[in-house]
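In terms of the working numbering, the sequence shown has 857 at position 50, counting the first letter as 1, and numbering is strictly consecutive. Have a look at the structure below, then the notes.
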Amino acid sequence: MNMPDLSHGDNAAAVNSLRSAVMRLSRRLKHQRVDESLSPTEMSVLGTLARCGSATPGELARKEHVQPPSMTRIVALLEAKGLVRLEPHAEDRRQKVVTQTERAEAMLEESRRKRNAWLANLAADLDEDEWERLRAAAPVLEKLAHL
């Protein structure tokens with residue numbers, strides 16, 4: 808796949824507009840949190856555990872793009888809050904596996920409901936054509952988010 812030619816004015820403007828809109832929307836969504844005591848990074852780690860399942864701190868550090876010592880601190884904070892538990896690794900006794908608790912699952916579900924309701928409320932102001940284009944764009948944005 809070829810990168811869009813950013814020297815072409817329309818492509819550069821589209822990339823700039825997409826970046827700006829995604830960043831603004833992301834910031835606004837982050838404010839729709841259920842538990843204000845958790846940092847965005849802690850919420851992100853819980854989201855990764857929900858999507859990908861249990862993982863070692865090292866695996867979480869790679870997925871979250873943070874240094875392993877930072878992830879160790881984050882996991883310790885989440886464990887102290889009762890949101891994750893550390894279990895022995897099945898094959899490597901030197902390792903621990905981080906698993907989210909039922910409390911974390913319930914909190915994430917409540918957070919998703921709140922954010923979805925907020926976003927649906929915004930989308931209610933779109934006309935039918937805009938809503939259709941947004942629905943069509945969602946899988947593309949999802950793909951970009953996971954590349």
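All residues carry an ideal CB built from backbone N, CA and C; glycine is no exception.
Taking residue i as the reference, give the member of the options with the closest Cα.
i: residue 945; options: 880, 875, 829 and 821; result: 829
i: residue 849; options: 895, 831, 873 and 904; result: 873
i: residue 836; options: 852, 953 and 920; result: 920
i: residue 923; options: 838, 900, 825 and 939; result: 838
i: residue 846; options: 884, 941 and 935; result: 884
i: residue 948; options: 817, 819, 820 and 825; result: 825
i: residue 911; options: 886, 900 and 932; result: 886
Within the continuous alpha helix (DSSP H) that includes residue i, where are the two ends?
i: residue 832; result: 816 to 837
i: residue 890; result: No alpha helix (DSSP H) holds residue 890; DSSP gives it neither H nor E.
i: residue 945; result: 935 to 952
Taking 8 Å as the threshold (C-beta atoms), are residue j and residue i in contact?
i: residue 784; j: residue 909; result: Shown here, the chain extends from 808 to 954; a query on residue 784 therefore has no answer.
i: residue 905; j: residue 879; result: no
i: residue 882; j: residue 907; result: no
i: residue 871; j: residue 855; result: yes
i: residue 903; j: residue 895; result: yes
i: residue 852; j: residue 867; result: yes
i: residue 860; j: residue 875; result: no
i: residue 941; j: residue 933; result: yes
Provide the residue span of the beta strand (DSSP E) that contains residue i, from first to last.
i: residue 906; result: 903 to 907
From the DSSP output, read off the bridge partner residues of residue i.
i: residue 930; result: DSSP output for residue 930 lists no bridge partner at all.
i: residue 862; result: 905
Our contact map puts residue i next to residue j with C-beta atoms below 8 Å; I'd like the distance itself, whole angstroms only.
i: residue 927; j: residue 938; result: At roughly 11 Å, the Cβ-Cβ gap does not stay under 8 Å, so residue 927 and residue 938 are not in contact.
i: residue 857; j: residue 915; result: 5 Å
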